[in-house]
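Participant: Let me give you the structure first, and then I'll get to my questions.
Residue numbers (the working numbering), protein chains in the order written: chain V, -8 to 222; chain R, 10 to 230; chain G, 11 to 280.
This is the structure we're talking about:
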């Protein structure tokens, strides 16, 4: 048996089409999920941070709880919903990238909403005072506070993307791991390992680890940058 | 511009802090408010600066004897500096420019004015530095620069030298006096240092037992 | 701010376009891990696409799960190997146009030194009985797949209830993974020959029993009944069924060899 690691490196540097198609699909699915979750999650975080509304603390608690939702269970729920025999069956998107994006959006949303909310609420109240005493309108004051929470918000996005890229349970169930259509890095690694074809699995593993390291590395840097406030 | 507060009441946790307090501040003076800890100096300042509402009473600013509405326009003619300055996590320059930016000033004008204000407090050479890296004395001075950049007519300073060293205290006192001289603004500050009150103030007000008990004129105008 | 909007719009458009896929000319086939892991689909489907212009997407699960996916209407057709279950599902009206496609056989694999001495067994049931008697580890698919169904049938024929014994382990995994687990645990397992041939190079195992007629493994194909699920692409599914049982399709199956040159499936549509 030849060394799968060497062959994997060879695959990566020969820009193997199958390999990079899988990587791009991962980036597309998780990236899109991240964008949708942010588009909804950040405004909701802002809203919950600044406004009072009935059952607010319950809402925040629910978001916090869903942050740790097991992907497999989320996948199962979306499978049952999106199945032709399910409530959303008319959409006909089970076993397509759309279903994967939907499930991953659901996984990312509470992380983004909850962490962004904490980031905004965690901004030093002195800054709100400063903004008001310097003549800012309520809207500008809110914008200033959000801006001050920017590192926390970025951390939230990065944390969410880390979860999405590494996630296999939900996308496997709703995507079906179809070659060339819904096969992403994590599900491909699982399948190729089953088959004993380690080259592609190792190549994808290397890329996945690199991505996850990059994500965590930038998270670290951003969190350090945000901590300057405490010096 | 002048300020009249009349019949101010304020309660905190069932304790009356300010009781039927009335006073008029005239322009072009430095008022120093003194009093024991917890006597309501800061609360009074915050009420005057329109940051907090009194339980009863009126705060009215006059411009050429015309009463102004307590709206954002009036709020933008005054400012309050807290004992701990909240600094935005960005450059010294952008901090100084903040008040100008929210007033919709043009970019070039902002640059000129903000730099002028930073120069006034002796921080121009640090304008590109992240403001969170400043010392506490410099932070306090940046707070002043940020406030005076938009040329407020009333400046409230709550314990401006409470957390800074001797050298910076002197510097800040100098800045306050220079400020009055160059802009003609009314400055109302609190302190618990009698010497400082005498050094800086034109009038010293003492809050005692929920009221302004006495006012001492230190310098004749 | 304007730059941000521009960036966001650009990103969204990009993602929209790349995620869009031509839904029209695709069908979804739920099938078994044994067919996928052997590499058959990678060989067969490009040929079919060339002939018909229809792309077949494959979701590979166990036979039981594939039938379930079809029953729910989440696939257009299924290709599985558990004839009894298939005929029952057709009878219940979930599927139509069932055809035999091909066959291979099941084999019992294990550690080459054969601790339970099943090499000497005359029948598969006898082999299973020996394993049970010796209590050597046995890995079951445990996932209602075709292989699992076959395995349970053999246990039943042998009059043994293996479940609950600590030498009997249910993996709940696909065929290849189950072999891998058996390899690690030095256990016996029942596998289809196709997956075995495709994966055996990476395993330290060998075939210890084969050839009993009970181990015959028939693959069948059938379309989801359009009367049950009006979204099912019955017409296109039928094109695939007709192609795979045609001379061309059957020849293609017959010419499919694994990387070592072994024939994995024998076509037998009639």
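Note that beta-carbon positions come from the ideal geometry of N, C-alpha and C, so glycine has one too.
What residue range is occupied by the uninterrupted alpha helix (DSSP H) comprising residue 146(V)?
Facilitator: 141 to 157 is the extent of the alpha helix (DSSP H) around residue 146(V).
Participant: Measuring alpha carbon to alpha carbon, tell me which of 147(V), 137(V) and 5(V) ends up nearest residue 25(V).
Facilitator: Of the candidates 147(V), 137(V) and 5(V), the one whose C-alpha sits nearest the C-alpha of residue 25(V) is 147(V).
Participant: Let me know the secondary structure DSSP gives residue 221(V) once reduced to three states.
Facilitator: Residue placement at residue 221(V) cannot be trusted, given a pLDDT of 43 that sits under 50; the coordinates are not used to answer.
Participant: Which residues in the same chain as residue 139(V) place their Cβ atom closer than 7 Å to its Cβ, once the five residues preceding and following it in sequence are excluded?
Facilitator: Closer than 7 Å at Cβ, skipping near neighbours: 114 and 118.
Participant: Give the secondary structure of residue 230(R) by DSSP, where H, G and I count as helix, E and B as strand, and everything else as coil.
Facilitator: Low confidence applies to residue 230(R): its pLDDT is 44, below 50, so where it sits in the model is not reliable enough to give any reading.
Participant: In the DSSP assignment, the beta strand (DSSP E) including residue 65(R) goes from what residue to what residue?
Facilitator: Run containing residue 65(R): 65 to 72, per the beta strand (DSSP E) assignment.
Participant: Taking Cβ-Cβ distances below 7 Å as the criterion, which residues of the stretch 231 to 257 of chain G are in contact with chain V?
Facilitator: Here the close residues are 239 and 241.
Participant: What does residue 97(R) reach in chain V if we use C-beta pairs closer than 9 Å?
Facilitator: The answer, in chain order, is 118, 121, 122, 135, 138 and 139.
Participant: By Cβ distance, which residues of its chain are closer than 6 Å to residue 244(G), with the 5 residues on each side in sequence left out?
Facilitator: 233 and 236, listed in sequence order.
Participant: Enumerated in chain order, which unbroken segments of the alpha helix (DSSP H) with a length of 4 residues or greater are wholly contained in the stretch 79 to 156 of chain G?
Facilitator: For the stretch 79 to 156 of chain G, whole alpha helix (DSSP H) runs of length 4 or above, ordered along the chain, are 93 to 101 and 134 to 144.
Participant: What three-state label does DSSP hand residue 112(V) in the structure shown?
Facilitator: Residue 112(V): helix per DSSP, three-state reduction.
Participant: Could you tell me if residue 226(G) is buried or exposed, where buried requires 16 or more neighbouring beta carbons within 10 angstroms of its beta carbon?
Facilitator: Exposed.
Participant: Report the partner residues of residue 31(V) according to the DSSP bridge assignment.
Facilitator: Paired residues: none, contrary to the question.
Participant: Whose C-alpha, out of 71(G), 121(G), 67(G) and 267(G), is nearest the C-alpha of residue 182(V)?
Facilitator: The shortest Cα separation from residue 182(V) among 71(G), 121(G), 67(G) and 267(G) belongs to 71(G).
Participant: Quick one: which residues of the stretch 68 to 86 of chain V get their C-beta closer than 7 Å to a C-beta of chain G? List them in chain order.
Facilitator: Those residues of the stretch 68 to 86 of chain V that come within reach of chain G (Cβ to Cβ, closer than 7 Å) are 74, 75, 76, 83, 85 and 86.
Participant: Locate the beta strand (DSSP E) running through residue 68(G), then write down its first and last residues.
Facilitator: It spans 65 to 71 - the beta strand (DSSP E) in which residue 68(G) sits, taken as one unbroken run.
Participant: I need the boundaries of the beta strand (DSSP E) containing residue 217(R), first residue and last residue.
Facilitator: Here the beta strand (DSSP E) through residue 217(R) covers 212 to 217.
Participant: Can you find a C-beta in chain V that's less than 9 Å from the C-beta of residue 214(G)?
Facilitator: Taking Cβ atoms only, chain V never reaches closer than 9 Å to residue 214(G), which makes this a no.
Participant: Since I believe residue 177(R) is in contact with residue 146(R) (beta carbons under 8 Å), could you give me their beta-carbon distance rounded to a whole number of angstroms?
Facilitator: With 8 Å as the limit, residue 146(R) and residue 177(R) qualify as a contact, their Cβ atoms being about 3 Å apart.
Participant: 9 Å is my cut-off, CB to CB: does residue 168(V) come that close to chain G?
Facilitator: By this cut-off, residue 168(V) is an interface position.
Participant: DSSP puts residue 230(G) in a beta bridge; with which residues?
Facilitator: According to DSSP, residue 230(G) bridges with 90(G) and 110(G).
Participant: Which stretch, first to last residue, makes up the alpha helix (DSSP H) that contains residue 189(R)?
Facilitator: Counting along the chain, the alpha helix (DSSP H) containing residue 189(R) begins and ends at 175 to 192.
Participant: Let's test the definition: count the other Cβ atoms within 10 Å of the Cβ of residue 62(V) and tell me whether it reaches 16, buried, or not, exposed.
Facilitator: With 16 or more Cβ atoms within 10 Å of its Cβ, residue 62(V) is classed as buried.
Participant: Quick check on the burial criterion: 16 or more other C-beta atoms within 10 angstroms. Buried or exposed for residue 199(G)?
Facilitator: When all chains shown are included, residue 199(G) counts as buried.
Participant: Which word fits residue 5(V), buried or exposed, when buried means at least 16 other C-beta atoms lie within 10 angstroms of its C-beta?
Facilitator: It is exposed - the Cβ of residue 5(V) has fewer than 16 other Cβ atoms within 10 Å.
Participant: Touching or not, the stretch 147 to 163 of chain V and the stretch 112 to 129 of chain R, by the rule of three or more beta carbon pairs under 8 Å?
Facilitator: With the cut-off at 8 Å, the stretch 147 to 163 of chain V and the stretch 112 to 129 of chain R do not touch.
Participant: Would you be able to state if there are at least three C-beta pairs under 8 Å between the stretch 40 to 60 of chain R and the stretch 196 to 203 of chain R?
Facilitator: Judged by Cβ distances under 8 Å, the stretch 196 to 203 of chain R makes contact with the stretch 40 to 60 of chain R, as three or more pairs qualify.
Participant: Along chain V, in chain order, which residues have C-beta atoms closer than 7 Å to that of residue 99(G)?
Facilitator: Those within 7 Å of residue 99(G) in chain V number zero; the least Cβ separation is about 15 Å.
Participant: In its own chain, which residues sit with a C-beta less than 6 Å from the C-beta of residue 226(R), not counting the 5 before and 5 after it?
Facilitator: Excluding sequence neighbours, residue 226(R) sits near 212.
Participant: Contact between the stretch 182 to 198 of chain G and the stretch 80 to 96 of chain G: three or more CB pairs below 8 Å?
Facilitator: No, they do not touch.
Participant: Use the C-beta contact count for residue 230(R): other C-beta atoms within 10 angstroms, 16 or more gives buried, fewer gives exposed.
Facilitator: At residue 230(R) the pLDDT is 44, less than 50, meaning the model places this residue with poor confidence; the figure from the coordinates comes in the next sentence. Residue 230(R) comes out exposed.
Participant: Is the CB-CB distance between residue 111(V) and residue 41(V) below 9 Å?
Facilitator: Result yes, Cβ atoms of residue 111(V) and residue 41(V) sit closer than 9 Å.
Participant: Report yes or no: do the stretch 34 to 44 of chain G and the stretch 55 to 72 of chain G share at least 3 C-beta pairs separated by less than 8 Å?
Facilitator: Enough Cβ pairs lie closer than 8 Å, so yes.
Participant: Hey, how far is the Cα of residue 201(V) from the Cα of residue 23(V)?
Facilitator: Their backbone Cα atoms lie some 20 Å apart in a straight line.
Participant: In terms of residue numbering, what span does the beta strand (DSSP E) encompassing residue 41(R) cover?
Facilitator: From DSSP, the beta strand (DSSP E) with residue 41(R) extends over 39 to 43.
Participant: Is residue 12(V) helix, strand or coil by DSSP?
Facilitator: It is helical.
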